[in-house]
Structure formats: structure tokens, C-alpha cells
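In full-length UniProt numbering, the protein residues as written are 1 to 371. See structure below.
The following block contains the structure:
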């Protein structure tokens with residue numbers, strides 16, 4: 001058997017993930033004011049984000065999964081930092097980002113991002129719910145002056161921490177600083193996001209987003225019942241791995257060609273949100289690629305097939321798992337048509353011109369996730 005695993009609260013996906021965007025050059029000279037927040041259609045925004053998530057997931061699955069490797073990544077994390085970049089963009093670059101994110105305007109995008117940061121990412125551990133932490137960080141070349149309009153969005157919408165650093169003479173130290181921030185914000189699950197030499201004296205800004213989720217399942221597994229069982233790989237081979245098992249009622253639904261298992265997390269007194277992890281199991285041993293393609297092509301399929309009630313299933317088993325995955329997201333976005341942020345000329349709303357090294361542009365995007 002092989003699985004797709006999904007952590008769900010309408011649009012929240014993974015346990016611990018980190019994005020880092022490196023921007024180089026220096027900005028142009030135009031200025032713009034960001035309008036005040038507007039009312040948004042939350043349902044439509046969630047639907048739009050889900051569409052983007054599936055588009056990303058389908059492409060990453062088809063291009064990044066090699067042989068028998070596992071994949072875990074967070075489209076939401078990518079969405080948040082692309083929103084930060086959009087807040088500092090204008091002209092064709094902004095329009096390309098909005099089109100990719102299925103958003104009508106920066107106002108809508110900022111309103112959706114603000115909802116994610118203040119409501120969805122609120123920590124529920126104090127009331128018995130999951131420990132949830134989301135952090136955004138911005139590291140800026142000390143000689144650059146951030147535009148007030150961009151700083152307002154960074155501070156109020158994304159609640160980001162800003163640091164003034166010396167990329168010119170201390171690129172290695174800044175790399176260590178960002179990686180230390182990553183380790184802290186992900187509870188030590190992700191030790192490093194920036195590889196050696198990713199930052200140099202041409203770097204002007206680094207934007208980073210980290211998500212951390214730690215929850216206990218409402219119905220815990222008995223460790224004494226964990227036993228080795230057969231697990232089928234994409235290659236057609238099978239291996240013996242530890243499986244957790246239970247005989248309790250479960251949220252299970254049998255669908256056309258696959259089954260879905262939902263494992264709720266303890267909610268405590270948090271009445272606003274309910275988190276669950278969903279496992280999608282194809283009926284065919286080699287059916288994972290087909291199931292992945294089906295789910296990512298039909299966005300409504302996910303919501304329509306989530307189990308809503310507990311049923312008797314006898315003994316059921318799921319494998320113990322620990323997955324870490326990282327990739328350079330720059331190429332993925334370019335292949336999906338997001339090219340202008342990497343070209344220069346459109347990121348004019350982040351900083352005032354420094355008079356050196358041309359336009360600001362996105363150099364590299366790194367993404368890591370752990371579950």
C-alpha cells in the first residue's frame with residue numbers, strides 16, 4: 001500500500017515547513033500606497049487557494065518524486081511568501097503573481113493572508129488544542145531603506161520580524177542567523193533551510209516563512225499493538241515496516257477506487273477550528289500516481305470524499321512515518337509560469353533605490369518540510 005496524507009483545516013496542510021526567498025540587486029524608484037484592508041469572500045479565497053495548492057502538488061509530485069522517495073511539502077507556506085513578494089511588486093510582475101495565486105487584488109490577497117496568520121495560525125495549546133506556530137521573517141541589507149507601505153504590510157498583515165543585516169561583509173553569519181531562526185521556529189525539526197553559499201554580497205533581502213504544528217490524536221494508538229507488516233512501494237516492491245493498529249471506530253469512507261481515513265486531533269476548548277489528518281489509500285497497489293492525478297485535477301473531490309462519521313472497521317493499520325523533503329522551488333514556479341519576479345524590474349515596492357546593482361529580483365526559493 002502507498003498513501004497520500006493530508007492534514008486539513010479547510011486549507012492547512014502540513015506539520016512543519018519552511019520557505020526562504022533570496023532577493024538580489026536593488027530596487028527601482030517608483031512608490032505606491034497600499035489601500036486599507038477590505039472585506040473578502042473567505043469561502044472563495046479558500047477555494048482559490050485549494051486550486052493553487054493542487055496545481056503545485058501535482059507538478060511537484062510529477063517532477064520531484066524520484067524512485068521510491070517520499071514527498072511532503074506545504075503549498076500554504078509557498079502561498080504566504082508569494083503574498084509577501086506580491087505586496088512589494090507592481091505592474092506585470094504583480095499581475096502575474098495575482099493570477100498564479102487566483103487573487104483579484106493585493107487587497108484580497110492581504111485580507112486572506114491576514115486571516116491565515118491571525119485565525120488559522122493562532123496557537124491552541126493553552127486550551128488543550130494543537131500547538132501551532134507560524135512565523136515570518138525578513139532580513140534586509142542594512143544600507144537599504146524599506147518603503148513605509150511595504151513595512152506596513154509586513155508588520156500588520158504577516159506579523160513578520162524584520163532584521164537589518166550586513167550581507168556585504170557577513171553573508172556567512174547571516175546564513176547561520178537565518179538557519180538558527182528556522183531551527184527555533186520549527187522546534188528543531190528543520191535544522192537548515194539555506195545551503196552554503198546561497199547568500200552572498202549581492203543578496204539584498206531574505207523572506208522566510210515557517211510553520212510548526214504539534215498535535216495529539218484524539219484517539220491514541222496502543223504502542224504494544226505496533227507490528228511489522230507489508231508496505232508496497234511505487235516500484236512494485238514491498239518492504240516490512242512498523243504499522244500502528246486499532247480496533248476502535250474510525251472516520252472511514254470507501255470511495256470509487258480509494259478509501260479515506262480521518263484521524264482527528266485533540267481539540268480541547270478550541271471551538272473555532274478542528275484539525276484532522278487524512279489518509280488516502282488507493283485500492284490498487286500501484287494506484288497512487290493515478291489517485292494523485294485525480295485529486296489534484298478535481299478540487300471538489302477532496303472535500304466531497306472526506307469521512308463525516310465514525311464506522312466500525314474491525315482492525316485497521318497505518319504505517320509509522322517520518323518524512324523530510326526539500327527542494328528548490330524556484331524552478332517549479334518558473335515551470336508553472338511565474339517568471340517575472342526572477343527577472344527584475346517588478347519588485348519596486350519593497351525598498352527605496354540604493355543606486356547600485358540594478359533592480360531587485362528573486363534569486364532562489366528554498367522549501368523544506370518535515371512530518
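We put the beta carbon where it would ideally sit given N, CA and C, even for glycine.
Is residue 295 helix, strand or coil when you go by DSSP? helix
Indicate the three-state DSSP secondary structure (helix, strand or coil) for residue 423 in the structure shown. The chain is shown only over 1 to 371; residue 423 falls outside these bounds and no answer can be derived.
Beta-carbon proximity list for residue 251, same chain, < 6 Å, skipping 5 on both sides: 262, 307 and 310
Opposite residue 360 in the DSSP bridges: which residues? Beta-bridge pairing links residue 360 to no other residue.
In the DSSP output, what is residue 253 paired with across the bridge? Beta-bridge partners assigned by DSSP to residue 253: 260.
Would you call the stretch 93–111 and the stretch 331–339 touching, i.e. three or more CB-CB distances under 8 Å? yes
Using only alpha-carbon positions, find the residue among 133, 64 and 126 that is nearest to residue 269. 126
Which ranges does the beta strand (DSSP E) cover as unbroken runs of at least 3 residues, wholly within the stretch 196–231, from first to last along the chain? 203–214
Per DSSP, which one or two residues make a beta bridge with residue 135? Residue pairing by DSSP places residue 135 opposite 210 in a beta bridge.
In whole angstroms, give me the CA-to-CA distance for residue 242 and residue 369. 22 Å
Are there three or more Cβ pairs, one per stretch, closer than 8 Å when the stretch 131–145 is compared with the stretch 210–217? Output reads yes: the stretch 210–217 touches the stretch 131–145.
Shortest alpha-carbon distance to residue 230 belongs to which of 222, 65, 239 and 224? 239
Beta-carbon within less than 6 Å of residue 187's beta-carbon, same chain only, minus the 5 sequence neighbours each way: which residues are those? Annotation for residue 187: 212 place their beta carbon closer than 6 Å to its own, counting only its chain and skipping 5 residues before and after.
Spatial distance of residue 50 from residue 299 (CA atoms): Roughly 7 Å separates the two Cα atoms.
Cβ-based neighbour list, residue 163, same chain, cut-off 6 Å, excluding 5 preceding and 5 following: The residues are 139.
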